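Visitor: Per full-length UniProt numbering, residue 1 is the first one in the sequence shown, and the count goes up by one each step.
A virtual CB, placed ideally from N, CA and C, is assigned to each residue, including glycine.
Because the structure is a prediction, the values reported are computed rather than measured.
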Amino acid sequence: MVNWTVTERKTINSIWAKVHIEEVGTQALVRLLVVYPWTQRYFSTFGNLSNPAAIAGNAKVHEHGKTVLTAVGEAVRHMDDVKSTFAKLSKLHSEKLHVDPDNFKHLGDCLSIVLAATFGHAYTPDVQAAWQKFIAVIVSALSSQYH
Ligand code: HEM
1 MVNWTVTERK TINSIWAKVH IEEVGTQALV RLLVVYPWTQ RYFSTFGNLS
51 NPAAIAGNAK VHEHGKTVLT AVGEAVRHMD DVKSTFAKLS KLHSEKLHVD
101 PDNFKHLGDC LSIVLAATFG HAYTPDVQAA WQKFIAVIVS ALSSQYH
């Protein structure tokens, strides 16, 4: 069980309220695919991922960025119960998609960097701290059904 302070809850919700789901999700996924290119192999059905411009312009990357961030929104709405909220999703990534769970951390770091780029000075160290903690909870929940 994760304990959230009142300030952490407020911080996570106030940033989330200003997040454009498709834009931030796409940017995070584009960074994952460019910075950690081995992650491209999981998306072999997405078509052209041959260079950063192709990745950024790929409609499936945009669609999936939105899907991933919509799931993050579910975690925001269930902050006290992310593990059970993501139990099915964890099983899917483990048993069906066979995604190496190290990659969850990489996507989490990409998300943090995109939030920093989006919010600039407003992404203060304490805002980052709350978000890194939240992202760590998501990563742990997504990894929970691996054995
Ligand atoms: C914050 C971390 C992540 C979240 C919240 C997340 C969320 C999701 C969601 C909601 C779906 C759709 C599930 C469905 O159709 O029922 C999905 C599918 C998928 N995810 Fe993730 N995911 C994460 C990280 C990753 C990473 C790091 C990879 C690989 C490097 C990955 C690979 C995939 C693949 C291949 C699919 C299926 C895509 C398709 O064919 O449409 N995910 N993910």
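Tell me which residues share the same chain as VAL30 and place their Cβ nearer than 7 Å to its Cβ, disregarding the 5 neighbours each side in the sequence.
Guide: Spatial neighbours of VAL30 in its own chain (CB-CB distance under 7 Å, excluding positions within 5 residues in sequence) are listed in chain order as ILE55, ALA56 and VAL61.
Visitor: How about LEU69 and GLY25: do their beta carbons lie closer than 8 Å?
Guide: yes
Visitor: Starting from GLN40, follow the alpha helix (DSSP H) in both directions and report where the run begins and ends.
Guide: Element bounds for GLN40: n/a, residue is neither H nor E.
Visitor: Sorry if obvious, but does the Cβ on residue 148 come closer than 7 Å to a heavy atom of the ligand HEM?
Guide: What the structure shows of the chain is the stretch from 1 to 147, and residue 148 is not part of that stretch, so it cannot be assessed.
Visitor: Along the chain, where does the alpha helix (DSSP H) that runs through VAL82 open and close?
Guide: It spans 82-85 - the alpha helix (DSSP H) in which VAL82 sits, taken as one unbroken run.
Visitor: Comparing the CB of LEU142 with every heavy atom of the ligand HEM, is any distance shorter than 7 Å?
Guide: yes
Visitor: If you check the beta carbons only, do LEU49 and LEU32 fall under 8 Å apart?
Guide: Cβ distance not < 8 Å, so LEU49 and LEU32 don't count as in contact.
Visitor: Should PHE104 and ILE15 be called a contact, given that it needs their Cβ atoms to be closer than 8 Å?
Guide: No, these two residues do not count as a Cβ contact at 8 Å.
Visitor: Around the Cβ of GLU8, are there at least 16 other Cβ atoms within 10 angstroms (buried) or fewer (exposed)?
Guide: buried
Visitor: Quick one: give me the first and last residue of the alpha helix (DSSP H) that PHE134 is part of.
Guide: 125-143
Visitor: Assign HIS147 to one of three DSSP states: helix, strand, or coil.
Guide: coil
Visitor: Could you have a look at LEU69 and say whether DSSP puts it in helix, strand or coil?
Guide: helix
Visitor: Counting along the chain, where does the alpha helix (DSSP H) carrying ASP109 start and finish?
Guide: DSSP places ASP109 in the uninterrupted alpha helix (DSSP H) bounded by 102-119.
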